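In what follows, a structure is listed as structure tokens, so that the remarks can point back to it.
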Amino acid sequence: MSNDSAPGVAAQAGRLDIEGASKSFGEVTALADVTLGLSAGEFVTILGPSGSGKTTLLKVIAGFEAADAGRIMVDGSDVTDLDPAQRNIGMVFQNYALFPHMTVARNVGYPLAMRRMPKAEIAKRVAEALEMVELVGMAERLPKQLSGGQQQRVALARATVFQPRLLLLDEPFGALDRKLREQMQLEVRRLQRRLGLTTLFITHDQEEALVMSDRIAVMDKGRLQQVGLPHEVYEAPANPFIADFIGESNILTGVVEARSDDVVRVRLERGPMIQVAGQRDLSARAGQRVRVMVRPERFVDLAAGSAPQAVNRIDGSVTESAYIGVSDKYRIATPEGLDILVRLPSGSSSRRYQTGESIATGFHAADARLIEVE
Amino acid sequence: MTVSSTASEQPVGAALRTADRPSYSVGPFALTLPALLLLLLLFVLPLGRLFALSFEGGSLAWYEKALTGGLYTTILFRTFEIAAIVTVCCLVIGYPVAFLLATTTPMWRAVGFAFVMLPLWTSVLVRTYAWMVLLGRNGIINRILIDSGFMEQPLPMLNSRMAVILGMVHVMLPFMILPIYSAVTRIDPDLPKAARGLGASGLRIVTTIYLPLTLRGIVAGVTLVFVVSLGFYITPALLGGGKVLMFAMVIEQQVREFLAWNFAGALSVILLAVTLFVFWLLNQGVERRLGE
Numbered sequence: 001m002s003n004d005s006a007p008g009v010a011a012q013a014g015r016l017d018i019e020g021a022s023k024s025f026g027e028v029t030a031l032a033d034v035t036l037g038l039s040a041g042e043f044v045t046i047l048g049p050s051g052s053g054k055t056t057l058l059k060v061i062a063g064f065e066a067a068d069a070g071r072i073m074v075d076g077s078d079v080t081d082l083d084p085a086q087r088n089i090g091m092v093f094q095n096y097a098l099f100p101h102m103t104v105a106r107n108v109g110y111p112l113a114m115r116r117m118p119k120a121e122i123a124k125r126v127a128e129a130l131e132m133v134e135l136v137g138m139a140e141r142l143p144k145q146l147s148g149g150q151q152q153r154v155a156l157a158r159a160t161v162f163q164p165r166l167l168l169l170d171e172p173f174g175a176l177d178r179k180l181r182e183q184m185q186l187e188v189r190r191l192q193r194r195l196g197l198t199t200l201f202i203t204h205d206q207e208e209a210l211v212m213s214d215r216i217a218v219m220d221k222g223r224l225q226q227v228g229l230p231h232e233v234y235e236a237p238a239n240p241f242i243a244d245f246i247g248e249s250n251i252l253t254g255v256v257e258a259r260s261d262d263v264v265r266v267r268l269e270r271g272p273m274i275q276v277a278g279q280r281d282l283s284a285r286a287g288q289r290v291r292v293m294v295r296p297e298r299f300v301d302l303a304a305g306s307a308p309q310a311v312n313r314i315d316g317s318v319t320e321s322a323y324i325g326v327s328d329k330y331r332i333a334t335p336e337g338l339d340i341l342v343r344l345p346s347g348s349s350s351r352r353y354q355t356g357e358s359i360a361t362g363f364h365a366a367d368a369r370l371i372e373v374e
Numbered sequence: 375m376t377v378s379s380t381a382s383e384q385p386v387g388a389a390l391r392t393a394d395r396p397s398y399s400v401g402p403f404a405l406t407l408p409a410l411l412l413l414l415l416l417f418v419l420p421l422g423r424l425f426a427l428s429f430e431g432g433s434l435a436w437y438e439k440a441l442t443g444g445l446y447t448t449i450l451f452r453t454f455e456i457a458a459i460v461t462v463c464c465l466v467i468g469y470p471v472a473f474l475l476a477t478t479t480p481m482w483r484a485v486g487f488a489f490v491m492l493p494l495w496t497s498v499l500v501r502t503y504a505w506m507v508l509l510g511r512n513g514i515i516n517r518i519l520i521d522s523g524f525m526e527q528p529l530p531m532l533n534s535r536m537a538v539i540l541g542m543v544h545v546m547l548p549f550m551i552l553p554i555y556s557a558v559t560r561i562d563p564d565l566p567k568a569a570r571g572l573g574a575s576g577l578r579i580v581t582t583i584y585l586p587l588t589l590r591g592i593v594a595g596v597t598l599v600f601v602v603s604l605g606f607y608i609t610p611a612l613l614g615g616g617k618v619l620m621f622a623m624v625i626e627q628q629v630r631e632f633l634a635w636n637f638a639g640a641l642s643v644i645l646l647a648v649t650l651f652v653f654w655l656l657n658q659g660v661e662r663r664l665g666e
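Residue numbers (my numbering), protein chains in the order written: chain R, 1 to 374; chain Y, 375 to 666.
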């Protein structure tokens, strides 16, 4: 789906294979047997909290850090022992790492000058690159004379101007304000598609990961926890950590009472019996303890006239309420002691609940998901 | 010129300039008063007195004596030569040391700093005598060379230009290392990494990233070492054994042996003027280089 590079562009996009990369710093395991493959032109995000090892993985791929074990393959050839200068990989650093004493043009032309390209050719390619990132007319400025967003574009132009086989982005939007960040996310993705560049993107921002990626690889404690399409990772998290890390979630504990082909009945530890749609990937037998995830926005207000009837009903009283804009966010406590986060759509057709009011909410069996079976 | 980025973005530099603007008041100025008084009393006044002495009677005779006849201008030229050699030696030895100190692990940095700073805490006189012990006719080096059969006769190392330069480099080295060290530590460690990732070899990282970004530190070190070397007295006097005359020694001679205060004044003013000129020249060069 994402492997078709844009026509007309001389893409050099390469395939990246990380094979069993491991790395520890003393007692701390930064990478534990990480294996991941990116097909040419694919945009893959490594998503993880700080300290999850994602930056170490990037350094190993770029060659700034040597892995204790494992191999890095680009287009089938082993680059594990190559110097970073020989790898032909473009990288955008977290703080851009622009050379402060060089103009924009010299920054962008740097990788070409290092490849001993003739001056005229460098000038031509730099001009093209600056046009692509919409910085025409900025060539003679110094980095400090640019805004954060402009510096970001210079970094992007510098990392792509030499037609690298791979582009690495290390949390490049961290320093930008929200609006600019969203704009840059789209721009980077557009540029990446146009160049057909295989890209590995690193972030701790789950929303950014969902918006930008072809695939997301969730990482924690040096291990890849799940690799999948954005909606797979969101809808079907492989474990409670991912459910909790990506988006908001309610995780309910219970015991399986009965199961049929398409539905599992779970008696919640502190709550009613609920129905969960059957899953092929997890088989739960009666008597097993399970954890069930329900996203806050999948709840419906059962009191609203237009609301469809849900199979699973939860009654409780509102302990916190907040108006978010697109939705109302409630924290609900049930008499049995469940604490549940619910988001209901805001708008003229739905009523708002105050703290202390009782509320009846529910969710469909298909919106609940088994995420762990003991 | 087409500016095609979001108009609401403010250049980072502009925001910083307004934030950093200090507010002036009398307080800070009052705090500098003791230092100012001290400088005035111990530096500006005596200097003014020397200056006045050199022009005593409204005549330029002392300057005429200093600048004609060739003797003193030759010594001035030699002084510059030695100061320049010392500066270059300090730079060549000091830059790699400063670079290593700035980029090594904290433990090695502490060890390295101890070696750099220790001599600074020892008196120049003691260090100069130590060199005499090392370089003398019956000094440690000569004894080792003769005992091990490398030499029949002791090498005449002391009382030579080489000894003076060796001693001065040793004394001045920390003043070259410290400003360069500070300049290297100010470089974002991602910059050399970025350069490497973009295809730069180790040598080109040094020439395109480290050298230009540490230029201010280099100039600070060069200025400090050169200017101090111009007026050096103890080390050349002891290690040169009277054979290597530097300008400060000539001034001292005039005062101590001939009580020729007027002439010493004129020589001092000449040295000061030339030193200030060099100082200005170095600064000019840097501003032009960094201002582009």
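Idealized CB from N, CA, C, for every residue including glycine.
Because the structure is a prediction, the values reported are computed rather than measured.
query	result
Expected contact under 8 Å - CB spacing of phenylalanine 245 of chain R and valine 218 of chain R to nearest Å	7 Å
Beta-bridge partners of methionine 73 of chain R, as assigned by DSSP	R:Asp17, R:Asp78
Below-7 Å beta-carbon distance, methionine 91 of chain R vs any chain Y residue	yes
Closer than 7 Å to chain Y by CB, arginine 190 of chain R	no
Start and end residues, alpha helix (DSSP H) containing asparagine 516 of chain Y	514-521
CB of arginine 291 of chain R within 7 Å of CB of isoleucine 251 of chain R, strictly	yes
Where the beta strand (DSSP E) containing aspartate 244 of chain R begins and where it ends	Per DSSP, aspartate 244 of chain R belongs to no beta strand (DSSP E); it is in the alpha helix (DSSP H), 240-245.
Cross-chain neighbours of alanine 105 of chain R in chain C, by beta carbon under 7 Å	Annotation note: the requested chain C is absent from the structure, which comprises protein chains R and Y.
Cα-Cα separation between glycine 337 of chain R and serine 260 of chain R, rounded to whole angstroms	29 Å
Short CB-CB distance (under 7 Å) between tyrosine 353 of chain R and chain Y	no
Collapsed DSSP secondary structure at arginine 377 of chain R in the structure displayed	Chain R is shown from 1 up to 374; residue 377 of chain R falls before or after that span and cannot be answered.
Cutoff 8 Å; reference methionine 481 of chain Y; Cβ partners in own chain excluding five residues on either side	none
Backbone secondary structure at lysine 567 of chain Y - three-state DSSP	helix
DSSP state of lysine 439 of chain Y mapped onto helix, strand, coil	helix
Span separating the alpha-carbon of leucine 547 of chain Y from that of phenylalanine 473 of chain Y	14 Å
Presumed contact (8 Å Cβ cut-off) between alanine 458 of chain Y and alanine 640 of chain Y, rounded CB distance	Not a contact, Cβ separation roughly 24 Å.
Among Y:Tyr584, Y:Ser556, Y:Leu646, nearest to alanine 568 of chain Y - alpha-carbon criterion	Y:Tyr584
Residue-level contact to chain R via CB, arginine 662 of chain Y, 7 Å cutoff	no
Where phenylalanine 64 of chain R meets chain Y, residues with beta-carbon distance less than 9 Å	Lys567, Arg570, Gly571
Residue ranges of each alpha helix (DSSP H) within the region 127-156 of chain R, 4 or longer	none
Contacting positions in the region 576-610 of chain Y - beta carbon closer than 7 Å to chain R	Arg578, Ile583, Pro586, Leu587
As assigned by DSSP and simplified to three states, the class of glutamate 372 of chain R	strand
Minimum length 3: unbroken beta strand (DSSP E) runs contained in the region 175-262 of chain R	199-203, 215-220, 223-228, 250-259
Length of the line joining the Cα atoms of threonine 55 of chain R and isoleucine 216 of chain R	15 Å
Euclidean distance between Cα positions of aspartate 205 of chain R and glutamine 151 of chain R	21 Å
Valine 92 of chain R beta carbon less than 7 Å from that of valine 108 of chain R	no
Short CB-CB distance (under 7 Å) between arginine 115 of chain R and chain Y	yes
Contacts that alanine 574 of chain Y makes with chain R (C-beta to C-beta distance below 8 Å)	Ala85, Tyr110, Met114
Where isoleucine 324 of chain R sits in the DSSP three-state scheme	coil
Ranges of the alpha helix (DSSP H) found wholly within the region 79-118 of chain R, counting only runs of at least 4	84-87, 104-114
Cβ-Cβ separation, leucine 195 of chain R to isoleucine 89 of chain R (assumed contact under 8 Å), whole Å	Contact flag wrong, Cβ pair sits at about 14 Å.
Whether aspartate 33 of chain R touches glycine 20 of chain R by CB criterion (7 Å)	yes
Any 3 or more C-beta pairs closer than 8 Å across the region 647-658 of chain Y and the region 594-604 of chain Y	yes
Proximity to threonine 253 of chain R [Cα-Cα], best of R:Arg298, R:Arg369, R:Ser346, R:Val300	R:Arg369
7 Å Cβ cutoff, aspartate 564 of chain Y in contact with chain R	yes
C-alpha gap between glycine 37 of chain R and glycine 63 of chain R, whole angstroms	17 Å
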